[in-house]
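First comes the structure, then the notes that go with it.
Residue numbers (this note's numbering): 295 to 527.
Okay, structure coming up:
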């Protein structure tokens with residue numbers, strides 16, 4: 295019973311934009327949504343990659359919550375776990391991972407078989423599926439390009455949770471196939487030179503770096519913004 299309670303608490307913490315929409319953190323994700331919308335006034339972004347320089351910087355949590363706030367806006371959103379080395383979205387959304395992205399790319403399952411609705415209205419999920427021995431090759435394949443084109447006909451926005459760009463080439467490959475990329479940087483953890491190298495890696499992939507997210511930043515409690523939003527929930 296204690297373990298189940300801990301799992302529910304962790305899920306609530308990760309999907310704070312859904313579980314506590316009036317919180318300060320949820321408001322920051324809505325601000326990020328607004329900034330993304332303003333970044334492309336003439337052409338709407340339909341495919342977005344969320345990545346980081348190194349592991350454990352919060353890119354998966356950012357991807358999940360960003361998907362939630364876009365869905366809350368009324369858009370039809372799909373989040374795809376493109377991290378086929380250390381997938382986590384099935385844990386966040388409490389779903390199985392027996393089939394998913396890798397299953398489609400290897401022609402084991404169809405798109406309709408692997409896409410599942412979440413508890414969030416307008417938000418669907420495609421998990422990673424079985425971890426393949428050749429993630430980079432699958433992501434770089436023509437099948438991946440075809441899949442993205444098919445998904446763009448079904449959804450207003452597709453968000454890819456990608457591996458860290460400095461760890462493997464997968465993140466760069468995904469960025470190359472999508473219209474925009476968000477780099478997540480962990481305050482106090484990400485070294486400056488690593489952040490710069492990650493930025494350069496994204497730009498070298500010919501993807502448009504829309505911006506960066508500063509994660510784990512501690513806002514002083516005497517800040518007026520914290521007082522306005524932080525004391526409610």
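Note that CB positions come from ideal geometry on N, CA and C, so glycine has one too.
Inter-residue spacing [alpha-carbon to alpha-carbon] between residue i and residue j
i: residue 494; j: residue 443; result: 26 Å
i: residue 301; j: residue 509; result: Annotation note: pLDDT 42 at residue 301 (below 50); position unreliable, no value reported.
i: residue 328; j: residue 507; result: 13 Å
i: residue 423; j: residue 333; result: 32 Å
i: residue 441; j: residue 452; result: 11 Å
i: residue 472; j: residue 368; result: 22 Å
i: residue 324; j: residue 445; result: 24 Å
i: residue 497; j: residue 341; result: 16 Å
i: residue 312; j: residue 387; result: 11 Å
i: residue 308; j: residue 355; result: 6 Å
i: residue 326; j: residue 435; result: 31 Å
i: residue 521; j: residue 481; result: In this predicted model, residue 521 has a pLDDT of only 44, less than 50, meaning its place in the structure is not dependable enough to derive any value.
i: residue 412; j: residue 376; result: 17 Å
i: residue 406; j: residue 351; result: 32 Å
i: residue 428; j: residue 488; result: 25 Å
i: residue 403; j: residue 384; result: 18 Å
i: residue 486; j: residue 348; result: 12 Å
i: residue 450; j: residue 372; result: 8 Å
i: residue 378; j: residue 336; result: 33 Å
i: residue 345; j: residue 416; result: 23 Å
i: residue 391; j: residue 433; result: 18 Å
i: residue 447; j: residue 439; result: 13 Å
i: residue 425; j: residue 380; result: 8 Å
Cutoff 7 Å; reference residue i; Cβ partners in own chain excluding five residues on either side
i: residue 310; result: 317, 319, 320 and 359
i: residue 503; result: 475, 477, 493, 496 and 497
i: residue 410; result: 389, 418 and 419
i: residue 330; result: 339 and 504
i: residue 461; result: 348 and 349
i: residue 357; result: 344, 373, 453 and 455
i: residue 370; result: 416, 449 and 450
i: residue 414; result: 312, 362 and 365
Close-in-space but distant-in-sequence residues of the same chain around residue i (CB under 6 Å, 5 per side omitted)
i: residue 466; result: 459, 495 and 499
i: residue 382; result: 354
i: residue 469; result: 343, 475, 496, 499 and 501
i: residue 456; result: 343, 345, 376, 465 and 468
Distance cut-off 7 Å: residue i Cβ against heavy atoms of the ligand FMN
i: residue 505; result: Within the structure as shown, the ligand FMN is missing, as the structure has no ligands at all.
Residue span of the beta strand (DSSP E) that contains residue i, given as start and end
i: residue 371; result: 371–375
i: residue 480; result: 474–480
i: residue 460; result: From DSSP, residue 460 is part of no beta strand (DSSP E); its letter is neither H nor E.
i: residue 610; result: Beyond the ends of the chain as shown, which are 295 and 527, falls residue 610; an answer cannot be given.
Close Cβ partners of residue i (< 8 Å) along its chain, the five nearest in sequence each way excluded
i: residue 463; result: 430
i: residue 408; result: 393, 394, 395, 397, 398, 420, 421 and 423
i: residue 401; result: 437
i: residue 491; result: 347 and 460
Extent of the continuous alpha helix (DSSP H) run through residue i
i: residue 509; result: No alpha helix (DSSP H) holds residue 509; the beta strand (DSSP E) holding it covers 503–509.
i: residue 310; result: 310–313
i: residue 488; result: 486–498
i: residue 363; result: 353–366
i: residue 405; result: 405–408
i: residue 384; result: 383–386
i: residue 456; result: From DSSP, residue 456 is part of no alpha helix (DSSP H); its letter is neither H nor E.
i: residue 415; result: That residue, residue 415, is in no alpha helix (DSSP H); it is neither H nor E in DSSP.
i: residue 391; result: Careful: residue 391 lies outside any alpha helix (DSSP H) and carries neither H nor E.
i: residue 285; result: Residue coverage of the chain in this structure runs from 295 to 527, which leaves residue 285 outside it and unanswerable.
**Asked** Should the region 316–333 be regarded as contacting the region 361–371, the criterion being three or more beta carbon pairs within less than 8 Å?
**Response** At 8 Å Cβ cutoff, the stretches touch.
**Item:** Cβ pair count under 8 Å reaching 3, the region 382–400 against the region 471–478
**Value:** When C-beta atoms of the region 382–400 are compared with those of the region 471–478, fewer than three pairs fall below 8 Å, so the two segments do not count as touching.
**Message:** Threshold first: 4 residues or longer. Then list the alpha helix (DSSP H) segments lying entirely within the region 418–453, N to C.
**Reply:** Within the region 418–453, the complete alpha helix (DSSP H) runs of at least 4 residues are 429–434 and 436–446.
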